[in-house]
Every structure is written in C-alpha cells, then in structure tokens.
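Chains D, C, A, B and Z, in that order, give the protein sequences.
Here the first sequence is numbered in our numbering, starting from 1 and rising by one per residue.
Here the second sequence is numbered in our numbering, starting from 1001 and rising by one per residue.
Here the third sequence is numbered in our numbering, starting from 2001 and rising by one per residue.
Here the fourth sequence is numbered in our numbering, starting from 3001 and rising by one per residue.
Here the fifth sequence is numbered in our numbering, starting from 4001 and rising by one per residue.
Backbone N, C-alpha and C fix where the C-beta goes; we use that ideal spot for every residue, glycine too.
Predicted model only: the values in this text are computed from it and were never measured.
Okay, so here's the structure we're looking at.
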Amino acid sequence: ETITIATVNNSDMVRMQKLTDDFTTKNPDIQLEWVTLEENVLRERVTTDIATKGGQYDVMTIGTYEAPIWAKQGWLLPLDKLGADYDVDDILPAIRGGLSMDGKLFAAPFYGESSMVMYRKDLMEKAGLTMPDAPTWEFIGEAARKMTDRSAGINGVCLRGKAGWGENMAFLTAMSNSFGARWFDEKWMPQFDQPEWKNTLDTYVKLMNDAGPQGASSNGFNENLALFQQGKCGMWIDATVAASVVSNPKDSTVADKVGYALAPDTGLGKRGNWLWAWSLAIPAGTQKAASAEKFVAWATGKGYLDLVAAKEGWANVPPGTRTSLYNNPEYQKAAPFAKMTLASINSADPTKPSVKPVPYVGVQFVAIPEFQGLGTTVGQLFSAALAGQMSVDDALAQAQQVSVREMTRAGYIK
Amino acid sequence: MARATSVRRTAAFTIAAWIIALVIFFPILYTIITSFKSETEAIQGFKLIPSGTFESYVEVQTQKDYFKPFMNSVILSVGSTLLALLISVPAAWSMAFSPTKKTKDILMWMLSTKMMPAVAVLVPIYLLFRDFGLLDSRIGLMVMLTLINLPIVVWMLYTYFREIPGEILEAARMDGASLWGEIVYVLTPMAVPGIASTMLLNIILAWNEAFWTIRLTTTNAAPLTAFIASFSSPQGLFWAKLSAASTLAIAPILIMGWFSQKQLVRGLTFGAVK
Amino acid sequence: MATQQTRTLARFMMAPSVGLLLIWMIVPLAMTLWFSFQNYNLLNPANVSFAGLFNYKFFYTDPAFFQSIWNTLVIVVGVLFITVIGGIAIALLLDQPMWGQGIVRIMIISPFFVMPPVAALVWKNMIMHPQYGVLADINRALGLNPVDWFGQYPLLSIIIIVSWQWLPFATLILLTALQSLDGEQKEAAEMDGAGFVNRFIYLTVPHLARSITVVILIQTIFLLSIYAEILVTTNGGPGYASTNLPFLIYRTALLGYDIGGASAGGIIAVILANIVAFFLMRAVGKNLDK
Amino acid sequence: MGNIQLKNVNKSFGNVAVIPRIDLTINNGEFVVFVGPSGCGKSTLLRLIAGLEDTTSGTIEIDGRDVTGAAPAKRRLAMVFQSYALYPHMSVYKNIAFPLKMAKMAPAAIDKKVQDAARVLNLTSYLDRRPGQLSGGQRQRVAIGRAIVREPSAFLFDEPLSNLDAALRGNMRLEISELHHQLKTTMIYVTHDQVEAMTMADKIVVLNAGNIEQVGSPMELYHKPDNLFVAGFIGSPKMNLVSGEIAKPYGAATIGLRPEHLTVSKTEGKLSGTAGVTEHLGSDTFIHVRTDGAGMITVRAPGDTDIRFGDKVYITPDPSRIHRFDEKGLAIR
Amino acid sequence: MGNIQLKNVNKSFGNVAVIPRIDLTINNGEFVVFVGPSGCGKSTLLRLIAGLEDTTSGTIEIDGRDVTGAAPAKRRLAMVFQSYALYPHMSVYKNIAFPLKMAKMAPAAIDKKVQDAARVLNLTSYLDRRPGQLSGGQRQRVAIGRAIVREPSAFLFDEPLSNLDAALRGNMRLEISELHHQLKTTMIYVTHDQVEAMTMADKIVVLNAGNIEQVGSPMELYHKPDNLFVAGFIGSPKMNLVSGEIAKPYGAATIGLRPEHLTVSKTEGKLSGTAGVTEHLGSDTFIHVRTDGAGMITVRAPGDTDIRFGDKVYITPDPSRIHRFDEKGLAIR
Ligand SMILES: Nc1ncnc2c1ncn2[C@@H]1O[C@H](COP(=O)(O)OP(=O)(O)OP(=O)(O)O)[C@@H](O)[C@H]1O
Ligand SMILES: Nc1ncnc2c1ncn2[C@@H]1O[C@H](COP(=O)(O)OP(=O)(O)OP(=O)(O)O)[C@@H](O)[C@H]1O
Ligand SMILES: [Mg+2]
Ligand SMILES: [Mg+2]
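Set out below in structure tokens:
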C-alpha cells in the first residue's frame, strides 16, 4: 500500500524524508510517496484538495491555523489510534491545545515554534547594553537605534515587512498582542481604529525607519535570515527554529555571537511571540487511514526524535513538540537556545492571545477561513506604511474599512 | 547588403551586442554561478567566481529525485505539443488555404479563450478533474496543456502555412492524393521549419507552465515546475540549492533552445516573409 | 483552392480545434458564471446559497478594485512598451554583422526558457534585493544608496521582470521579420539617399507592422493574466501598489477561498480582456491582413 | 483517350462573371493552346477542367463521362503548374513517383516507370537531387515527368515556361513538342508567348474577357483572324491597324497590315512618313514609321537596312495580304 | 554628366574571383547594355558601380572623381532593381517623392517633379495607389519614375523587364529608349534578352565568367563577333556553329552560319539534310534540319514555306556572311 504525504519543504521535513527507511523496514507493506512544496503552494494545494474531496493525499502537513478550521468541518480523522507508546500527554500543552477539538487530537505536531529575539552579543556589548532575558519594546527600540551603523552595513533590528498573512502579519499580530491590541472584539468588530493598534504600528514603523534594513517592506523570514547570517542585523525577532540555523557555523558567519531572549512586551502581561506547529493530519476521505496513522505515529513519536539524534545529532531534532525533549540534558547541551524556545512556546496561549478577550483562537492569526485573504490585504496596507507610501493612520483606517467589509460579508457582523 | 562593412563598424556592433546580451543573460548566468557556491557563499555579496562546489546539486538530488519530474516534464511538454499539432494542423490548414470572412474572427476568438485568469477557474477545473478521475494523471494534464496552448499553436501554424504556395497542394490533389495524403505527404513535410519552431515554442510554454502543473498533480504526473516549487523559500538558507534546482529545471529546455535556435528564428516569422 | 468539396472539408478539419476550444471555453466559463452567483466559500461548503449579483458588487467595491485594473493596464502597456521598443532595438542590432552572433542571439533569447516563478525569485533575491542583490552591490560600488526596488517602485520592478521574460519573444519575432525585409528595398532606399534613421522610419517600421501586431496581441493575452511574479516578489504590496486584477482574484480565490467572489472577478477579468482586445483589434488588427 | 467537352460553362467569383459562357470541344490527341491578355480567364478555364474550381453552371465531360462534380484526382488529368509546384522536400525521384505512390502502385512498377520517364527527360543523373538543387530547365522537366508517369488522358500546362530565360525556353519548347509527338496525348497549354502559341499548337483558342474570340490552327489565326482582337493579338510585332480615310478605298472600316508584309523604301511607295526609332536585331530591323495620315506603323525590314532615325521613307503593303475589318471589328472576307 | 571608368576592378566573394579584372569606360550619355549568361557577374558589376558592393581591388571613377570608397548615396546614381524594390507601404506618389524628400527638397518642388514624372510615365491616375495594387508594367514605371526624378548622372537598370510578359515588355522597351533619347543621360542596362540588348544599346558589353569578351555596338557584335562565345551569344535563333571537315575549305576550325543567312530549298543546295521540327511563327518559319555531316542546323525560312517535317532539304549559306574561327575560337578576319 502506498500512501501519499504532502509536506512543506523545510529542513526538518526534508530530513524526515531521508530517514523513512526506518519506517519502511518496520512496515514493509507500506510505501511512501512524497509531495514536497513550498509553504504557500502547499497550503493552497491541500486546501483545494480537502475542500473538494479530491482525495489526493493520505497524510497532509498542516499548520495550527488550518487544524481547528478543518477539524470543525469534519475533514480530518481524529488521531486516537496512535499507539500505546505514543504518549500524547508528553506533547507541549500549548501546542496540543491548538491542535485539538473537544479533547481529541486532530493533527500530530511534527515540530513547533514560537518567536523570540535573536541578537548579536558582540554588538550589544559595543552599544554598552545588556539584553535582559525578557526585554521590553522600549529596550529593543533603544538598543536597535544604538546598534545601528548604516555605514558599516549594520541595522539594529530586522523585522518582517513583506506583505502576507503569514509574513508581516504573523509578526505584527503577535507584536500587537503585547501592545494590548486585538483583531476583533467579542462581537467580531475589527479593532484597527483603536489606539492599541496605532501604537503598535507606530512603534514598528518608527523602529524600522530608524534601525531597520533598506527594503524591509519586501523582507520575509528568509530575507531576514540571510541578513542576520551575514552579520547585518543587530537583532532579529522571528521564529525560534531560526536559532538552529544562525547558531550553526556551517551556515552562519555569526554563529558564535548569537544570544537569545524572549520576545519583547510592554508590561501588559502578553509578550509579542507567536505559536506555530507544523503537524501531520489525516484527511477524512482517505482509504488508507490505518497506514497513514501508523506513519503519523512514527514521524511524530518519541522514537523519531531518538532516531534523528542518533543519525544527525541532537541539534537537528525537530523542536518544540515534546516536554521530554526539553528535559533531555543532551538536547539542552546541543541546543543552547532550548531553554528560551521552551519558555517562548509556553508563554503563548492560542486561546487567550491578547490582553483583552477575543472570540477567536490563534496567536498570530485568527483561525477563521477568511483570515488568509483579509490578513494579506491588511498586510499589504501595513507594508505600504512601512515603505512610506502611506501614513500609519491611513493604513489603519483602510485596514479597518476592509476588515469591516469582509467580516460583514462573511456574516460575523450582523 | 553584401557590402563588406568596416572592421570598426563590426567591432562597435559586436561590443554593443555583447554588452546587451550579457546584461540580459546575467540573471541566468548568475543563477548558474550561484548553484556552484556553498550556501553561505551564496549570500555573501557579489562574487562571479564560485568556489566550484557541487554540494548543492548533491543535496538537491538527495532531497528530491530529479529524474521522475524531468521525465514527466518531457512527456507532458512533448506529448501536449504533439497532441496540439495533431488537431491544429488541420485547423490551420483550412484557415490558411480555405479562408472565409470569419477566419480572422475565429483566430481572435481562439486567443480569447486564454483570457480567463487561471486562478479564477482553479476550483471548477479541479472539480472537473476530480470527477473525471484525472487528478495527478499525465493524460489529463497533457490534454489541459494542449488546450491552453492550442490557440498559440493555431496562430503560428496559420501564419506559417500562409506562406506555402497553394499550388503545391493543388498539385498533390491532381496527383491523386487524398486530403490525408495531401496533409501527411506534402503540407507537413514542407512546413517542417514552421512546425518545428511552433513545436519548440509550445514545448517551452508547456515546460514552463507553473500553475496547473503544480495544482493538478501530486506525485505521478508532477513535472519540474513542482520540483522547483519544493526548493523555493523553505526555512533556512536556500539560494544555492534553489539555484541548483533552477539550473536543473531550465537546463534541458535551455539546451534544447540553444540547439534549435536557428529553427526558432527561421520559423517564428508569423507570415512576415513575402 | 476553392471547390465546394474542399470548403466542406475545411470546415470539417477545423471542427476538432474549434470544438475542443469551445468546450474548453464554455464549460469553465459556465461553471464560473454559475459560481459567481453563489455564496460559496470553499472552507465552508455547508453554507452554499444563491447570491444574486452580490459577488459582483462585493468584488467591484473592493478598495483595491480600480487600482488593480489600473495596475493591470499599466503592466500590460509598460511591458509592451519595453518589449516592443527594446525588441526592435535589439533585433536591429542583431541584424548587423558581428562576431559571435550565434552566441549573442542564444544569450538574448534565454530568458524565455526560464519558468516565471524561478525568474521572479532570481530577480527578487539575487538582482534587485537592496541588501544583497547585484544591483545594490553595483550602487554601493558607485557610492550610491541601493534602491529599494520592491518597496519604492513595486510596479516598475514587476514590469522590469516581466519585460525581461518577454523581451526574447518580441526580439525573436521582430528579428525574423527584419530578416525578411527585402534586401533590394534597403539598397534602393540607400541609393535614394536615405540614411540609417530614415531607412528605419520609412522602411523598417512599416515592414515590421504586422509582426509588431502579433507580438502585441499574443503578449497582451499573456500579460493580462500575470500574477506569479507578483506573488513571489511583492505579494501585491506595498498597499495595493502592485495588485493587479489576477492577483486580486488570486487573493480572493486562493487565500480567501471565496469561490463566488473569485468567479465574479474572473468574469470581470474576461470582460475587461475582451474590451482591451476589442480596442487592440481596432487599433492594430488591420495590420494582420497584409 | 482524352476527349474534353465544355458545355455552357459559366464561372463567377462572387458576382463577377469571369467566364460568362463557354462551349469548347477538345479532341483526343490535340495540342490546344489558350492565349489571351492577362486576366482574361485562361488559368481559370484550365482549373475548371482540372477540377480545382467548381463550375458555377454548365457541364464538363471527359471522354463522354460527366465529371462536373468529380474531384481532381478522379479526372485522370495531369497538370504542370506555372510555378512547377514541385514538392521541395522530396527528391526528383520521389517527386516523379508521388502520383504513382498515391495510386498505390507496387514499388517495382513505380521504379520502372520513374526510370523510364527520367530517361526520356534526361533526368537520370539528377534523380537523387532536391528541386532546389536544379536549374530552372531541369525543374521544368521534373514537373513534366511527374505529369507523364501517370499516363493521364490529358495534360494541362499553365504557362509552364514563363519563368525561364530565353535560351532555356527555346529548348524546352522543342522538348514539349517532341513529347507530344511521342505520346499523342491531348495537351492543353496556356501561354502568353507568341512564339510558343504559334509553334506548338494544333489549335489555338483566343480568349478575351472570358469569351472565346476565335478557335483555329495557328496559321488560320495568322492568316485569317476573325476580328480585330485576334488580328492584334496574334503575330509579333503586332499587326498595324489603320482606320479612317486610308481604309476606305479597301471597303473596310479598318485595315490591318502586318509589319512583315510591308516593304519600306527611301524613294517611293504608297504611304509616306518619317522613320522613328529603328530597332536593329541583326537578323531584322523594326522600323517605327510616323506616317503622314496613318499614324505609327511598324515595318520589318532586313537586318542590313540603311534607314536611320529621321529618314524620309515610303511604305508599300503587299496588296494580297491586307486584312479588312468592318465597323464592328469583324473580318470582311 | 555621367562618365564612368572602371580601372583594374577585381571582385571576389571569399576566394572566388567573380570578376577577375575588368577595365571599362562608359561615356557620358551612352546606353550601355551588359549581357552574358546567368551567373557571369552582370549584377555584381552593376552593384560595384552603384556602390552596393565594395571592390576587392581597383578603382571606380565617376566624372573623373574617385568614388571607390564612397557610399551609394554619394554617387548620384539611380538604380532600378530587377524586383523593382518599391516601398510597399507607400503610395506611388510617395514612392516617387522619396528620394526628393531624402534630399530635403521643398514640398512644392517635390510635387512639381513628381507630377511631371507621372505625366511622362502615364502614371498620373495611379498616384494614390499602393504598389500592390498595380500591374507589373505599372510597377516597373514607378520604379523608373523614382529613378528619374533625381536627375542622376547615370541610371543603372538590372534586368528591369524580366518580370513582364511579352507584350508589356515590348512597350516598356520603347518607353525606356524614348526616355534615353529625351534625357540623354548615361544608362547601364543588364539583360539576358537578345531583343532588348540589340535594340536599345549604343554599346554592348558581353561578359563571360566575369571577363569582358567583347565591347561594341550591336551591329558590330552581330556582324563581327570576336570569338565563338560572342558569336553564339548574340543573335536569335543562335548562330549555327559547324566544325570539322565542312569548315576546312574555309580555312577555319569552325564556321558560323546564322539561321537568317541560310536559304533552304527542296531541290538543291550545298548541304543536304532532313527537316526536323518546323516552327511556324506566321512571319517566319524556323526549320531544324538534321544535316548529313554538319549536325543540327537551324534555318530561318519565310512564313509561307511549304517544307514539312521529314522532307528532304538542301541548305545554302550566303558565302559573304560566313563567320570563320580558328582553333582557339577567335575570329579570323
Ligand atoms: N479567387 C478569385 N476570386 C476573385 N476573382 C478571381 C479569383 N481568381 C481569379 N479571379 C479573377 O478572374 C479573372 C481571370 O483570372 P485568371 O487567373 O484566369 O486570368 P489569366 O487569364 O490566367 O491571366 P494571367 O495571364 O495573368 O495568368 C481575373 O480578373 C482575376 O482577377
Ligand atoms: N554574395 C555573394 N557571395 C558569393 N557569391 C556570390 C555572391 N553574389 C553573387 N555571387 C556569385 O557571383 C557570380 C555572379 O553573380 P551575378 O549575380 O553577378 O550574376 P549575373 O550575371 O547577374 O547572373 P543572372 O543573369 O543570373 O542575374 C555568381 O556565380 C554568383 O553565384
Ligand atoms: Mg494565369
Ligand atoms: Mg543578375
């Protein structure tokens, strides 16, 4: 029996593909077919397929955004036969919460991430500052401006600017949480006309103008990663998984100079970090559920972590899913960022992302079908504010307008 | 114009042309250069001489098999092209040799079938493919690519056929050739340069079609466009790998194009030859 | 060439292409039309209902709508302008005697062989990026500030990338047309005392009219549906500065999964394309008859 | 066999009647030449016979069989096109073999026929070449070879020699005549060349605006043109046509005088005039004389004439060879 | 003025010397015709003079000025191309006006010149048409019109009439001769047509493989060909060349007998033979006689000859018009 698996093309997933011999020797009657695509295309591809019941895949890689929506539609099979040794309770509670509905797990996390501050210890020292473990936005702003030395090609801070719900809006939504802002109030009324959002966006735009890299409005995760690795950023607030790359001397010119801190806050009780997990789920339409579930159990189980550790070293183990991993001293030794990663993940709560109450689930997104389109539109507006083609006020006003329009149409606003 | 032009003139043109050609070719050249760099080298600013490592290629191959999507690309582009030729040669034949007042309108209408943005019909098409069991099938995709490129093929063949003297076809008719004999033994072989260049153009278009080939396939029918889609923007450094993958994806068509460059130039006249 | 028999046969021979294209046009068009009157979100398939003209109204009132149409046209006109003018210039150059003509020609047509998403990625990351793009390196070497292409000139950047992809097509067609220009006509003009510029204006341009028309018609059809390049580079931003109609539809269809709205957008795009084609045919169509 | 009959044939393009109404009988074995000014419908007529165009009305019979609606391939005719219409992608051998292949003849039989034809046409050593590698005259012969292998009931030639230069044209003319003597097959030949029409035809059909002006042997047409049109069209240089006072005494509205039937003298003659341009061909001299009262008249004088531009000259026609026409342009006999 | 001198001109394409070495003087006002077999270098020579090709070595002078390196536009020559090379997208008016416009002449002056030229060439009613809407002869005249408005110091014509049919060709021949009489400008004219060469030229240059075989007036070439090549090339039908035993008594290796200088009889004559194909032109009859001992000989007989295919005939040459050549093919005088 051949099962078809749709995966995203990041390094952990790719590594898994290389290690499947382990699975196929244990399950000689199951063959694996891989469809590897980049994130956006993958999402489009699997969503079309599952929504039209195309039945092309037996296992799909989905994120914490899709999981609750799809589960609610009944498109996913509950994962209740993962085996005795799977140890569901070992999964980090924040992650598990985002992937479950009514207490049933609908997607098994392959790796999880939050966001945090990665910074250059040498530059921080040069600026005469010390990074606290839990910095405030105020500190970040001050540090960034002090570190900036444009003639030497050093930007104080690199942040996402490229329009897109998973690009700048992931970052800005998480950031806004720490400023006390929210996307919607309890009646699904958009909140871009509130001072919290203005505060968020003002801070962001000013900071980037003063201390950000040129062309920031088209920088996404990858562009910033490259900048940071070349030593062009003093600080970078982004996904925790990046830590393993920037600290790897093979890939990074600054590997030995990177320090980590929690994402900043403003003292309101929420930090500006997100929560994401790439997870494996089984579409309800598959004919090969049993084999698929076997595979999911193998890929997300504890045994897989040991397998990677044995073959590629502890530093390459997919992070962010299991408590046991963070308790493993070998892992702690191999991954200096482990502690900070765990703290970041634990500090995010998808069900209560912001200071004020919200009607939705999701830290850096809103888990409703309309969010991708709306998020991207708002992202376009905010990137215009960053590029200086629009004022912050205009961007917010227009964002409010399109959000109201969209939510009214979708029937949230009665 | 067989006048010997002065060496200086030729030199000036040569220099100008080379500069322009290099500028235009530079992005491709740089991609190829980058594919021979290591990942860190790739992001370290402008550097024309790579360290000459093949590690990206090795990594690309271990990450994803190149051969199968390559074969799919070949099958899809060549297959859809042959299919398109099969149905458009007769059509172009009748438009070129038996034109009516409506011929121009039909040509324009054919082109207009390409006006619907692909994204708008993804779901309808996906539903159709699902219902006919064509998802991830080479046949389905081949038919699709055929239909997408058919208007262009008809246009090119039509303009090309118009340059063939009708008398030769009449001669065949007088010689007792049936319609089939006329097309197979006379028209097609005579139009070989035009058909060849149409084929080339169509193969290029089919090879590069990156919307449907990704959305309607999973594994069996996935061509190189899908191969490329698995290397663009993953998390982590990917420039060199992407360059290597891109080089692999465009190399076959580039090499084919280079070898057939003369054909392309000769055939793509669109009826401009007297 | 015109007995009743051959005419009948001719209709018969055209049937497969016309028939297939008709099906290929009508079936998706009909489905799209049908969906455009439905409230249909792909992620909420339970709630499908008749929407009347609401989808059209919603699409039409999108804040980005008018700008997207404008951008669509700007991209089409901009790319056509660059590729036709550039194509003529390069074709003229390539038509001159030179050393290594074959290699030069190969290099110039190469961009046509590159898949659009790859081309966009390469341009975005390796050429135009203000930090590590080659253009930025050049700027810095000249002591200038690197240009933030996608932030400051998003539409222009996209036009440049798309033009780069289509320039070879225009060049190829115009070059072949140029080579078919009667040598004796050129010589006659030369003997009549026409210099290079006059020969170009009075002889070359009129001769190229037909090929230019073909370039314009075919490219327009392709350019009206450009979106992959935008998706990869600017994602339609900043603001709506680089959102064109296909991108707007993409956002509706594949991000919002609003099939009804996207269908309405598709129908609007078809109408717009037809309007453009109509004016194009009136403006340049007569060149085809020559 | 090759008996071709056109009955009441009419051909219109749209509402232009290119051929208003034609009746014509061509007998088996005849060499018939169609002549007429450009655009008069010669090619159209040939194509109607070949079946490449439909008749608008009327019937065409070949050997008594009505073929009006039959496809070209069914008529057993062979055609040599003005442009030769050789298949450029096939060798000479394949070109000649093509109609036989279409007739599904056995390869051995095909080979024999092609070799025979090649021998007759002196093409044996070129069989492997492509048409593009042949000279004009050789191409011409290939086109003829392709026509003769089929043993058709009639050949149709549409200005087959018009693309050749003078020397080659002379040779080919002889070859085709020779061929007709050998095969004795009906041939219909379109030309606008005087010499070809006169030397090759058994019967010339003079067409004008889609109508037949006269049908007859070359000498009939030369000596007894039915009307002014034929008189002016047959013969080179053209017959001089004089009307008015000078024609009256002959009881005609117009008289026709062929240049070769006029004698010119510096001293005396019927008509006086001044020599205009004199064209020396060596063998002959054509003198264009501006006569007093009869307009320009061309005279053919011997090659060694001593008349020069501007000389006062006198012209005398051969009285037995004066052609007379009435007001309607019809010959008075 | 239009004095053209070629000194020591050599032209090679690659290492093929198309024109090995030529010296030629063309005087002001002369009408010079280049003739020679296809591929002998006529067009090349014309294009060298026009400046459309570079000489490999040697100099070209026009009116004493060395123009070897000058651009075509600087030579004040006008050329009529074999293909006419009209500008297809311009009206007749614009075609003719083009050289004047290029010379930045005032519009009023241009108009006058174009109208004048159109009147001369009978093109007035076609001025608004495009070349594609004209007949062959009209196109030809436009090409000539475009050449004459410039008042060049010399005209170059490259086979200007080769695309026309016989009738039109005859008319145009006269028109060009007429034009030369009027303008008295130097004209250089390439043709492969006997009649054109003989009737139009003041001076004929016979070329063979890039070499000049003979230069002279038409009558000189006709009556006194320098060698076998010229003898065979000038005259139509071709001179009969007989070598061997029959030539001996005349003290020559080869003798040349023009068809028009032979008389044929059924009863008696110098050479006996059998009549082969006879070509009746009305005005003349060409009889191809298979002689006993002298091969095929063509004879021109009157139009009303009674000799038929297969008759036994006798041929007698005019003794005063026998051309004699030595072993090298040079004329014996
Ligand atoms: N397909 C057509 N449609 C309309 N008119 C046509 C068509 N074919 C020919 N004609 C017209 O019919 C007339 C006769 O044409 P045809 O070709 O038979 O002349 P022709 O005698 O062969 O002349 P030529 O000596 O120039 O070849 C011409 O006036 C031509 O314009
Ligand atoms: N550009 C060229 N390159 C090489 N050879 C050439 C070129 N142009 C002409 N020739 C050769 O030079 C010779 C003379 O050519 P040219 O055109 O002058 O002949 P021509 O006397 O005009 O013949 P025709 O009567 O057929 O027009 C020919 O053998 C031809 O093949
Ligand atoms: Mg004709
Ligand atoms: Mg020539």
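Query, Result
"Any chance you could list the alpha helix (DSSP H) runs of at least 4 consecutive residues sitting entirely within the region 2109 to 2133 of chain A, in chain order?", "2116 to 2122"
"With H, G and I counted as helix, E and B as strand and the rest as coil, what does DSSP make of Thr2293/A?", "With chain A represented from 2001 up to 2290, any question about residue 2293/A goes unanswered, as that position is not in the structure."
"Taking 7 Å as the cut-off, is the CB of Ser4012/Z close to at least one heavy atom of ligand 2?", "no"
"Using a cut-off of 7 Å between C-beta atoms, extract the partners of Val402/D located in chain A.", "Pro2063"
"Taking its Cβ as the centre, do 16 or more other Cβ atoms sit within 10 Å of Tyr2060/A, making it buried, or is it exposed?", "exposed"
"Whole angstroms are fine: how far does the CA of Thr376/D sit from the CA of Gln332/D?", "37 Å"
"Using a cut-off of 8 Å between C-beta atoms, extract the partners of Leu2203/A located in chain Z.", "Tyr4087"
"Does any C-beta atom of chain B lie closer than 8 Å to the C-beta of Gly4282/Z?", "yes"
"Quick one, which of Asp306/D, Asp87/D, Lys339/D, Lys232/D has its alpha-carbon nearest Gly320/D's?", "Lys339/D"
"Count the other CB atoms within 10 Å of the CB of Gly4310/Z; is the residue buried (16 or more) or exposed (fewer)?", "exposed"
"What residues in the region 2258 to 2274 of chain A bring their beta carbon closer than 8 Å to a beta carbon of chain D?", "Asp2258"
"In whole angstroms, what separates the C-alpha of Gly2237/A from that of Leu1157/C?", "40 Å"
"Just reading off the beta strand (DSSP E) that Gly3297/B is part of, what are its end residues?", "It is worth fixing the name first, because residue 3297/B is Ile in this sequence and not Gly. Its beta strand (DSSP E) spans residues 3296 to 3302."
"I'd like to confirm something about Val3016/B: is its beta-carbon nearer than 7 Å to some heavy atom of ligand 1, or not?", "yes"
"Curious, which full-length alpha helix (DSSP H) runs of at least 4 residues does the region 4003 to 4081 of chain Z contain?", "4042 to 4050"
"With hydrogens ignored, establish whether the beta-carbon of Cys3040/B is closer than 7 Å to any heavy atom of ligand 2.", "no"
"Going by DSSP, what residue range makes up the beta strand (DSSP E) through Asn248/D?", "Looking at the DSSP string, Asn248/D is not in any beta strand (DSSP E), and its letter there is neither H nor E."
"Which chain Z residues sit within Cβ distance under 9 Å of Pro3160/B?", "None at all; the shortest Cβ gap to chain Z is about 14 Å."
"So is the beta-carbon of Ser1243/C under 7 Å away from any non-hydrogen atom of ligand 2?", "no"
"Three or more beta-carbon pairs under 8 Å between the region 1166 to 1174 of chain C and the region 1242 to 1261 of chain C, yes or no?", "no"
"Under the DSSP definition of a beta bridge, which residues are partnered with Met4172/Z?", "DSSP output for Met4172/Z lists no bridge partner at all."
"Buried or exposed: which applies to Arg3076/B, given that a residue is buried once 16 or more other Cβ atoms fall within 10 Å of its Cβ?", "buried"
"Under 7 Å from any heavy atom of ligand 2, does the C-beta of Thr4044/Z make it?", "yes"
"In angstroms, rounded to a whole number, what distance separates the CA positions of Ala1272/C and Val1192/C?", "Low per-residue confidence applies at Ala1272/C: pLDDT is 27, beneath 50, and the placement is therefore not dependable, though the value from the model is reported in the following sentence. In a straight line, the C-alpha of Ala1272/C is about 17 Å away from that of Val1192/C."
"Please report the distance separating the alpha-carbon of Asn199/D from that of Ala216/D.", "20 Å"
"For the region 2210 to 2277 of chain A, which segments carrying the alpha helix (DSSP H) assignment without a break, of at least 4 residues, lie completely within its bounds, in sequence order?", "2228 to 2233, 2245 to 2250"
"What is the rounded straight-line gap between the Cα of Arg4047/Z and the Cα of Ala4085/Z?", "14 Å"
"Just list the alpha helix (DSSP H) runs in the region 3236 to 3323 of chain B, keeping only unbroken ones of 4 residues or longer that don't cross its boundaries, in chain order.", "none"
"Which residues in chain D sit within 7 Å of Arg1224/C, going by Cβ to Cβ distance?", "Inspection of the sequence shows that residue 1224/C is occupied by Leu rather than by Arg. Neighbours of Leu1224/C on chain D: none; closest Cβ ~13 Å, over 7 Å."
"Please report the straight-line C-alpha distance between Met1001/C and Gly4058/Z, rounded to a whole angstrom.", "Only weak support exists for where Met1001/C lies, its pLDDT of 38 falling under 50; the value from the coordinates is given anyway. Met1001/C and Gly4058/Z: Cα-Cα distance of roughly 20 Å."
"For chain B, find out if any of its Cβ atoms is closer than 8 Å to the Cβ of Gly1052/C; answer yes or no.", "no"
"Which residues in chain B sit within 7 Å of Thr4199/Z, going by Cβ to Cβ distance?", "Glu3279, His3280, Leu3281"
"With respect to 7 Å, is the separation between the Cβ of Gly2183/A and the closest non-hydrogen atom of ligand 2 below this value?", "no"
"Could you give the residue range of the alpha helix (DSSP H) that holds Asp4158/Z?", "Taken as a continuous stretch (DSSP letters only), Asp4158/Z belongs to no alpha helix (DSSP H), being part of the beta strand (DSSP E) at 4154 to 4158."
"Does ligand 1 have even one heavy atom less than 7 Å from the beta-carbon of Gly3036/B?", "yes"
"Within the present structure, is the beta-carbon of His3280/B separated from the nearest heavy atom of ligand 1 by less than 7 Å?", "no"
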